[in-house]
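In full-length UniProt numbering, the protein residues as written are 1 to 97. For every residue, glycine included, the Cβ atom is placed at its ideal position computed from N, Cα and C. Computed from a prediction, not measured in an experiment: that's the story for all the values here. Presented below is the structure to which this report refers.
Written as structure tokens, this is what we have:
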């Protein structure tokens with residue numbers, strides 16, 4: 001006895017309705033990097049592009065850049081605090097403070 005309860009000719013939807021986004025062109029990357037080179041505008045655009053509904057490659061780039069900016073800011077504050085403490089110790093040991 002053969003079981004034919006399944007249908008073999010049904011099309012399979014592998015994408016689940018989502019289409020792959022096209023990568024940014026060279027010109028779009030140049031414009032992106034030029035905008036990110038403008039002080040103060042770059043911080044705003046990192047957040048707009050990083051958490052908006054734009055191109056996925058630009059979104060991932062901005063998110064990765066924000067992570068690196070956050071890590072470097074933390075390390076800068078730690079290094080700066082260590083330098084201030086070392087300079088204060090140096091000044092106080094020679095009686096200049």
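8 Å contact criterion, which residue 59 and residue 32 should meet: CB distance rounded: Contact flag wrong, Cβ pair sits at about 11 Å.
Note down the Cα distance separating residue 50 from residue 85, rounded to an integer number of angstroms. If I take the Cα positions, the gap works out to 36 Å.
Helix, strand or coil at residue 42 [DSSP, three-state]: helix
Jot down the residue ranges of each uninterrupted beta strand (DSSP E) in the stretch 51-75, minimum 3 residues, whole runs only, in chain order. Counting only runs of 3 or more, we get nothing.
Buried versus exposed, by CB contacts within 10 Å (16 or more), residue 40: exposed
Does DSSP put residue 94 in a helix, a strand or coil? coil
Residue 22 - DSSP class collapsed to helix/strand/coil: coil
Whole-angstrom distance between residue 37 and residue 55, CA atom to CA atom: One C-alpha to the other measures close to 19 Å.
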